[in-house]
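Novice:
Residue numbers (my numbering), protein chains in the order written: chain A, 11 to 321; chain B, 11 to 321.
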C-alpha cells in the first residue's frame, strides 16, 4: 500500500506521521519546534523526523510517495517558500527545494488550516462528502475549503481565510489591521475578549476576568450566568452568519467545526445551527450539515500526507 | 470547428446564440418569453429556437455539440428540472429530459447568474484568469464563481448566491425572508430604496423619488448631491465588504462586475475598489483585480454554450 509522510509545523510542536493511502496513521512522532533556534535548525530536524518516520523501527520499510507539510503562515507555492510565518519569525524561508534535494522525494506545502481541513474532509467528519468547509475555533478562526477532495487554494494560496471575513465593520481591531473580523468575535480569544469587556463594564457575573478561558465561559454558561449567555449568543450568532454566507457562496455538503471551542459540544452547536439557519438561504442550509471535527490534533498530519498521496 | 447553442431564458426575453468553441457568437436571435403562456409553450419555442440557431439561413450546417440553458431560478441538476422560477411562475418543470429527447442532443442546465459568469470568465473580462468571480448588479445581485473554467455549483447548484450574503443583520427585509442581504443595499433596487428612504426622511436632495432609478442616483451624485453621495458610499462600502469576504474565502484572480449599475463606471468602481481594500486581507486584495464586465447581454448565451462545449 502507498504511504506518505505528513508534517504539521506548529509554533510549539512539530508533528509528523507515516500515513497510508487510506488515511490510517501507521506511526507518529512529535518534537518541540524550538522556534528560537531558527529556520535552518528546524528544517534540519524536520528532515531527520521524516527519515525516522519513513522507516520506523520494527516496521517493514515501505515506499514513501512524498512529504506534505502544513505551514502556519503564508506560502508561495510556485517557489515553495514560506513567505511569512509570524509565530516562528520567518520571512521568505525556502522549504520545498532544500527538503526535496536532501530527501530525493516530492515535497508539498500548504498552510496549516488547509491541511487540517483536508484531513477532516478525507477521513474525518467530512468523509465521503463532495464539498466540505472545515473551521478551527482556536486562538483565531482557521478555515479550509475542500472541493472534491482537493484544497481550494486560490490564486495565491489565500483561499479559506474565513477568520478574516469582516462581519462587524465597527467591531474590535483584529491582528490583520481590519476591524470586526470573524475571529475577533467567534474564536476562543474573541469569546474571552467579549466576556472580559462585559465584566470590566461592571456587569454582574460569576466569571473571574483573571486567566479567563473560553472553556470558563462555557462553564459559566452552564451555570446560567447571564454574561456568558450573552457572549456565547453573540459568538455563535456571528459564526452562524459567517457559515450562512459560506453556505450561500460555496453550497457545501458539510461544515466541520474543530478546535478547542468545539469541545463545548451542544452548548456551541445548538445555538450555532440555529444562527446558521437564520442566515443561510433555506436550500443551502438544508443541504449542509454542521458537525464536530473528529480527528483532533491528527487532522494536520493526515491532511499533509494526503497532499503527497494525491497530488 | 465545434459549436453549441446557448440559451438565456429570462422573464421578458429568451436569447439564443450559435457559439463556436472559441466563444465567438456566429448567429443570435431573441424572442419574447411570454411567461403567461406557460412552460410547455415556452419549452416548445425554445426547441424551435434551437432548430433555427442550429442551421441559420445562408450558413453551412455545422455539428452542434449540444445545448446549454441558463435558467433564472433554482434547478435540480440530477433530474434536469427547474425547481422554482419565480419570474415565470414555474415549479418543478422538467427541462433537460423533454428537450434532449426532441433534439437528440445533450442538454445542460445551470442558473442564469452562473452561465453569465461563465461567459465573462471564458471570453469576457475574466478571460485567461484561473479563478474569477462575476457579479451582476441589477434588480438583485447575482453571482457566479468560476474555478479553472468551470462553474462552482456546490452540492445543490446553490453556490454563488452572493446577493444573499447577510451583511447587515438588522437591515432591510429581503425577498428571501432574511434581513440585510447584500442585494438589499448594493443592487439597483437597493440603491433606489436607500435614496427614497433618505428623501422620505426629508433630507434635502435634487432627486425626485417618483420613478427614481439607480442611474438617477448616479446623475445626482455627479452633481454633488449629498444624499446620492451617501447612498453610493453605503452601497459601495457594503459591496466592497462582500467582495473582501469573497477575496479572503476564494482568493480569485479577478472579480468582474456587470449589470446596469456597472455602467456608472468610475463613480461605482473607484469607491468600490477603495472599500474592497479596506476589507480584504492585503495579500488577497493585491492578487485580485476588480474590472467591469464586457460582454453585456451576450454573457448568458456565451456561457450557456460553454456548458455544452466543455461539459
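Built from N, CA and C at the ideal position, the CB exists for glycine as well.
Just so we're clear, the structure is a prediction, and the values are computed from it rather than from any experiment.
Report back the beta-carbon spacing between residue 217(A) and residue 237(A) to the nearest angstrom; my notes put them in contact at under 8 Å.
Specialist: Counted from its first residue, the first chain places residue 217(A) at position 207. Counted from its first residue, the first chain places residue 237(A) at position 227. Correct: roughly 6 Å between the Cβ atoms.
Novice: For the candidate residues 93(B), 60(B), 162(B), 136(B), whose alpha-carbon lies nearest to that of residue 117(B)?
Specialist: On the second chain, residue 117(B) is found 107 positions in, with the first residue counted as 1. The shortest C-alpha separation from residue 117(B) is found at 60(B).
Novice: Which two residues bound the contiguous alpha helix (DSSP H) that contains residue 288(B)?
Specialist: Stepping through the second chain from its first residue, residue 288(B) is reached at position 278. Segment 276 to 289, the alpha helix (DSSP H) holding residue 288(B).
Novice: Kindly provide the ranges of any beta strand (DSSP E) runs that are 3 or more residues long and lie completely inside the region 54 to 88 of chain A, ordered along the chain.
Specialist: Segments of the beta strand (DSSP E) lying fully in the region 54 to 88 of chain A: 74 to 81, 84 to 86.
Novice: For residue 66(B), which residues in the same chain have their Cβ closer than 8 Å to its Cβ, ignoring the five residues on either side in sequence?
Specialist: As a first step, residue 66(B) is located in the second chain; it is residue number 56 there, counting from the start. Taken in chain order, the residues that qualify are 28, 36, 37.
Novice: Any C-beta of chain A within less than 7 Å: which residues of the region 177 to 207 of chain B qualify?
Specialist: 179, 186, 188
Novice: Under the assumption that residue 224(A) contacts residue 270(A) (Cβ atoms under 8 Å), give the Cβ distance between them as a whole number of angstroms.
Specialist: By one-based count along the first chain, residue 224(A) stands at place 214. By one-based count along the first chain, residue 270(A) stands at place 260. The pair is a contact, with the Cβ atoms about 7 Å apart (cut-off 8 Å).
Novice: Going along the chain, which residues of its own chain have a beta-carbon closer than 6 Å to the beta-carbon of residue 175(A), five neighbours each way excluded?
Specialist: Position 165 of the first chain holds residue 175(A). Cβ neighbours of residue 175(A) beyond the five flanking positions: 192, 252.
Novice: Could you tell me the boundaries of the beta strand (DSSP E) in which residue 219(A) lies?
Specialist: Locating residue 219(A) in the first chain gives position 209, counting from the first residue. Counting along the chain, residue 219(A) falls outside any beta strand (DSSP E), and DSSP gives it neither H nor E.
Novice: 9 Å is my cut-off, CB to CB: does residue 263(A) come that close to chain B?
Specialist: The sequence position of residue 263(A) within the first chain is 253, counting from 1. So, interface residue.
Novice: Just confirm the distance between the C-beta atoms of residue 75(A) and residue 318(A), as a whole number of angstroms; I'd bet it's less than 8 Å.
Specialist: On the first chain, residue 75(A) is found 65 positions in, with the first residue counted as 1. On the first chain, residue 318(A) is found 308 positions in, with the first residue counted as 1. Their Cβ separation, rounded to whole angstroms, is 5 Å, which keeps residue 75(A) and residue 318(A) in contact under 8 Å.
Novice: Between the C-alpha atoms of residue 184(A) and residue 289(B), what's the straight-line distance to the nearest angstrom?
Specialist: Sequence index remark: in the first chain, residue 184(A) carries index 174 (1-based). Sequence index remark: in the second chain, residue 289(B) carries index 279 (1-based). Approximately 11 Å between the Cα atoms of the pair.
Novice: Taking only beta-carbon atoms, is residue 49(A) less than 9 Å away from chain B?
Specialist: As a first step, residue 49(A) is located in the first chain; it is residue number 39 there, counting from the start. Closer than 9 Å: no.
Novice: Residue range of the alpha helix (DSSP H) that residue 248(B) falls in?
Specialist: In the second chain, residue 248(B) corresponds to position 238, counting from 1. Residue 248(B) -> alpha helix (DSSP H) spans 236 to 260.
Novice: Going straight from the alpha carbon of residue 91(B) to that of residue 181(A), what length do you get?
Specialist: Translated into the one-based positions of the second chain, residue 91(B) becomes position 81. Translated into the one-based positions of the first chain, residue 181(A) becomes position 171. Taking the straight line from one Cα to the other gives about 44 Å.
Novice: So the beta strand (DSSP E) residue 150(A) belongs to, where does it begin and stop?
Specialist: Here residue 150(A) is taken as the residue at index 140 of the first chain, counted from 1. That residue, residue 150(A), is in no beta strand (DSSP E); it is neither H nor E in DSSP.
Novice: Within the continuous alpha helix (DSSP H) that includes residue 268(B), where are the two ends?
Specialist: If you number the second chain from 1, residue 268(B) lands on position 258. No alpha helix (DSSP H) contains residue 268(B), which is instead part of the beta strand (DSSP E) from 264 to 268.
Novice: Is any beta-carbon of chain B found at less than 9 Å from that of residue 171(A)?
Specialist: Numbered from 1 along the first chain, position 161 holds the residue referred to as residue 171(A). Taking Cβ atoms only, chain B reaches closer than 9 Å to residue 171(A), which makes this a yes.
Novice: Could you check if residue 68(B) is buried or exposed, using at least 16 other CB atoms within 10 Å of its CB as the buried criterion?
Specialist: Looking up residue 68(B) in the second chain gives position 58. Flag for residue 68(B) reads exposed.
Novice: Mind checking residue 138(A): buried by the 16 CB within 10 Å criterion, or exposed?
Specialist: Taking the first residue of the first chain as position 1, residue 138(A) is located at position 128. Its Cβ having fewer than 16 others within 10 Å, residue 138(A) is exposed.
Novice: Among the candidates 232(A), 275(A), 147(A), 230(A), whose CA atom is the shortest distance from the CA of residue 307(A)?
Specialist: Locating residue 307(A) in the first chain gives position 297, where the first residue counts as 1. Among 232(A), 275(A), 147(A), 230(A), the Cα nearest to that of residue 307(A) belongs to 147(A).
Novice: According to DSSP, simplified to helix, strand and coil, what is residue 167(A)?
Specialist: Counting from one through the first chain, the residue named residue 167(A) turns up at place 157. Residue state, collapsed to three classes: coil.
Novice: Assign residue 48(B) to one of two classes, buried (16 or more other C-beta atoms within 10 Å of its C-beta) or exposed (fewer than that).
Specialist: Taking the second chain and counting its residues from 1, the one referred to as residue 48(B) is at position 38. Label assigned to residue 48(B): exposed.
Novice: Taking buried to mean at least 16 other C-beta atoms within 10 Å of its own C-beta, is residue 213(A) buried or exposed?
Specialist: Residue 213(A) sits at position 203 when you count from the first residue of the first chain. Flag for residue 213(A) reads exposed.
Novice: Is it buried or exposed, residue 281(B), if we count other Cβ atoms within 10 angstroms and call 16 or more buried?
Specialist: Along the second chain, read from residue 1 onward, the residue named residue 281(B) stands at position 271. Looking at its Cβ environment, which holds 16 or more other Cβ atoms inside 10 Å, residue 281(B) is buried.
Novice: Establish whether the CB of residue 282(B) and some CB of chain A are separated by less than 9 Å.
Specialist: Numbered from 1 along the second chain, position 272 holds the residue referred to as residue 282(B). No, no contact with chain A.
Novice: With DSSP as the reference, identify every bridge partner of residue 300(B), one or two as the case may be.
Specialist: Here the question's residue 300(B) lines up with position 290 in the second chain. Looking at the DSSP assignment, residue 300(B) forms a beta bridge with 265(B).
Novice: So which residues of chain A does residue 294(B) contact, with C-beta pairs closer than 8 Å?
Specialist: Taking the second chain and counting its residues from 1, the one referred to as residue 294(B) is at position 284. Those are 164, 166, 168, 171, listed as they occur along chain A.
Novice: Check whether the Cβ of residue 244(B) lies closer than 9 Å to any Cβ atom in chain A.
Specialist: The residue labelled residue 244(B) in the question sits at position 234 within the second chain. For residue 244(B), the answer is no, since every Cβ of chain A falls outside 9 Å of its Cβ.
Novice: Examine chain B for any beta-carbon lying closer than 9 Å to the beta-carbon of residue 229(A), and answer yes or no.
Specialist: Numbered from its first residue, the first chain carries residue 229(A) at position 219. Chain B contact via Cβ: absent.
Novice: Unbroken beta strand (DSSP E) runs of length 3 or more, entirely within the region 95 to 167 of chain A: which are they?
Specialist: 100 to 104, 117 to 121, 141 to 147, 151 to 157, all fully within the region 95 to 167 of chain A.
Novice: Could you tell me the alpha carbon to alpha carbon distance between residue 260(B) and residue 70(B), rounded to whole angstroms?
Specialist: As a working note, residue 260(B) is residue 250 in the second chain. As a working note, residue 70(B) is residue 60 in the second chain. C-alpha separation (whole angstroms): 43 Å.
Novice: Taking only beta-carbon atoms, is residue 72(A) less than 9 Å away from chain B?
Specialist: What you label residue 72(A) is simply residue 62 of the first chain in a count that begins at 1. False, the Cβ-Cβ gap to chain B never drops below 9 Å.
Novice: Grab the span of the alpha helix (DSSP H) containing residue 272(A) for me, first residue to last.
Specialist: Against the first chain, residue 272(A) aligns to sequence position 262. No alpha helix (DSSP H) holds residue 272(A); DSSP gives it neither H nor E.
Novice: For residue 25(B), I'd like the list of residues in its chain whose CB is within less than 6 Å of its CB, leaving aside the five on either flank, ordered along the chain.
Specialist: One-based indexing of the second chain puts residue 25(B) at position 15. Excluding residues within five positions, the ones whose Cβ falls inside 6 Å are 18, 40, 311.
Novice: By Cβ distance, which residues of its chain are closer than 6 Å to residue 130(B), with the 5 residues on each side in sequence left out?
Specialist: Counting from one through the second chain, the residue named residue 130(B) turns up at place 120. Here the set comprises 136, 144, 266, 303, 305, 309.
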